[in-house]
Structures are given as structure tokens and as C-alpha cells.
Amino acid sequence: MSGVFIIGAAGKIGHRLGPILLERNMAVGAMARAAEQLEKLRETGVTPVEGDLLALDAAGLSTLMQGYETVIFSAGAGGKGGPEMTRAIDGEGLEKAVNAARSARVKRFILVSAFMDAGRGANPPNERFELYMQVKRNADARLVQSDLDWVILRPGTLTDEVGSGRIRAGAAIPYGNVSRDNVAATLAEIVASPAINHRIIELTDGGVPIAEAIANLAG
Ligand SMILES: NC(=O)c1ccc[n+]([C@@H]2O[C@H](COP(=O)([O-])OP(=O)(O)OC[C@H]3O[C@@H](n4cnc5c(N)ncnc54)[C@H](OP(=O)(O)O)[C@@H]3O)[C@@H](O)[C@H]2O)c1
Numbered sequence: 000m001s002g003v004f005i006i007g008a009a010g011k012i013g014h015r016l017g018p019i020l021l022e023r024n025m026a027v028g029a030m031a032r033a034a035e036q037l038e039k040l041r042e043t044g045v046t047p048v049e050g051d052l053l054a055l056d057a058a059g060l061s062t063l064m065q066g067y068e069t070v071i072f073s074a075g076a077g078g079k080g081g082p083e084m085t086r087a088i089d090g091e092g093l094e095k096a097v098n099a100a101r102s103a104r105v106k107r108f109i110l111v112s113a114f115m116d117a118g119r120g121a122n123p124p125n126e127r128f129e130l131y132m133q134v135k136r137n138a139d140a141r142l143v144q145s146d147l148d149w150v151i152l153r154p155g156t157l158t159d160e161v162g163s164g165r166i167r168a169g170a171a172i173p174y175g176n177v178s179r180d181n182v183a184a185t186l187a188e189i190v191a192s193p194a195i196n197h198r199i200i201e202l203t204d205g206g207v208p209i210a211e212a213i214a215n216l217a218g
């Protein structure tokens, strides 16, 4: 089976992403940990997969990913549970998912990371945010060192505004906001563009239609 396995599928990006992938005729496995989240996911048409990144080991996670061609990791502790949980989900969780993807023979791994300029320059320094950025960067490095096909997407600050369908995307762009709608649509476009490989892409809202912006990166 080809298709996309989303880790963090019930999140604010994840639950937008599933239906977009379905519209593009892709099979979608949607991993979440709470029963009510799984039920809501089922209603959108995706295949709900029960899984908790904290409880699963790499072998267990690998079993869940079996048969999927692409993994999208959009999970995060979101500041809940302090530094320990940030390390456990955004850091060790990502590492576990990369190891699981390798042993499940997943081809491509797309990581929702963070724009490194976000939250910088606070006075006094925001230590929690600094740790978050450190964990995200180490997670990026872990994925880059793997032998998977990978794409790292670094969105600016996320908003819940209705998606404009227009973005700015590139290896290094000015920092800014981006709607979760636009992030989800950009992820779907990257999934549909296998020529984009081994790329770190910074993303904000912008003026270029999403399909065109991603095609420009593939060219
Ligand atoms: N906020 C920003 O401005 C910003 C900017 C750039 C990048 N990001 C990154 O973008 C990503 C997604 O953003 P978002 O808005 O979609 O975040 P979100 O709504 O908080 O989604 C994160 C998802 O991760 C899941 N998760 C957490 N712990 C888990 C576990 N142990 N097992 C399985 N799933 C688990 C959460 O599920 P539960 O509901 O069960 O906890 C949630 O569904 C995050 O990684 C975030 O770091 C954020």
C-alpha cells in the first residue's frame, strides 16, 4: 500500500492535512492517542491509527507504519509538560519515528520543524523556547543524518487564519507568520512532489500560489 502516515494527525495542522491528502486520492493513516480524537479522524475519512509516541517503542511504531510510503511528523508537546515532554516528543519521539520509518522501509519522511528565528531576542531570554529550538534543531539533524528521503519544513509562527493559498517558501527567507491552512496545503504539495528531496524549506505566508512555489523549489 502506498500512502501517507501522519504522526500528530489530530493536531491543528494534522487534522487539516488528512482531508487534503484524501482529496488527492492518497491513503492516509492518522495516528493519535485519544479515543475521541480517533473517532473525529475517522469521520474525516482517514484511517485512524491508535498510537502514543511515549508508550510505543520504535518496533511498535514501525509496525503501525508498515506499508506506507511517506511519514509526516507533525507531533509536538506544544509546551505542555515542560522541558521533559518537549525532549520526549519533539526530540526522542522524532528519533523513534525515524528509526521506525527505516525499519518499516518507509521511503520518505517529512518533518514539521520550526523557523529558527521564532521567539528570538526576548529579554529576559525565554529559556523554554530556547530549549524547544535546540530540541527541534537536533531533531532536524537526526533526520538529515538518516538514509531516508527527507524534507524538513520550517514554518514561521502558526496562525489559525483562513489559508490564503499563497506562500513564500525557500532555503532562507525572512521570518514571518504562516496559517496552519497554508502549512497543511504546502505539506500535501510536497508529498505530491517527490523530486523535492533532502531539502530544508522555510515557510511563511506570501504571494505565490502554493503549487507554483513548490514547483519552483523542485525545478
Ligand atoms: N506554534 C507555532 O507557532 C509553531 C511554529 C512552527 C512549528 N511548530 C510545530 O508545528 C507542529 C504542529 O503544530 P500544531 O499547531 O499542529 O500543533 P498541535 O495542535 O499541538 O499538534 C501536535 C500534535 O502532537 C500530538 N502529540 C503530542 N504528544 C503525543 C504523543 N505522545 N503521542 C502521539 N501524539 C502526540 C498531539 O496530540 P495530543 O492532543 O494527544 O496531545 C497533537 O495532536 C508542532 O511540532 C510544533 O512544534 C509550531
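So that you can map any letter, position 38 of the sequence shown is 37 in numbering that gives the first Met the number 0, and since no number is skipped, the others follow by simple counting. Beta carbons are placed, not taken as given, at the ideal position from N, Cα and C, and that holds for glycine. Predicted model only: the values in this text are computed from it and were never measured.
- Message: With a threshold of 8 Å, are at least 3 pairs of Cβ atoms found where one atom belongs to the segment 40-56 and the other to the segment 186-202?
- Response: no
- Query: Less than 7 Å between the CB of K95 and some heavy atom of ligand 1, yes or no?
  - Reply: no
- CA-CA distance, A8 and N137? 22 Å
- Message: Does L147 come out as helix, strand or coil in the three-state DSSP assignment?
- Response: coil
- Message: Output needed for D94: all residues of its chain with C-beta closer than 8 Å, excluding positions within five of it in sequence on either side, in chain order.
- Response: First, the amino acid is wrong: residue 94 is Glu here, not Asp. Cβ within range, chain order: A138, R141.
- For H197, collect the residues of the same chain with a Cβ closer than 7 Å to its Cβ; drop the 5 residues on either side in sequence, then sort them by chain order. W149
- CB of S1 to nearest heavy atom of ligand 1: below 7 Å? no
- Beta carbon of D159, beta carbon of R15: below 8 Å? no
- Task: Can you tell me which of L20, I88, A58, S112 puts its alpha carbon nearest to the alpha carbon of R32?
- Result: I88
- Query: Near M30, what residues of its chain come up, given a Cβ to Cβ distance below 6 Å and the 5 sequence neighbours on each side ignored?
  - Reply: I6, A8, V48, G50
- Given a cut-off of 8 Å, decide if A170 and I209 are closer than it, judged by their beta-carbon atoms. no
- Query: Just to confirm, does F114 get its C-beta within under 7 Å of one of the non-hydrogen atoms of ligand 1?
  - Reply: yes
- Message: Would you say the beta carbon of G50 is closer than 7 Å to some non-hydrogen atom of ligand 1?
- Response: yes
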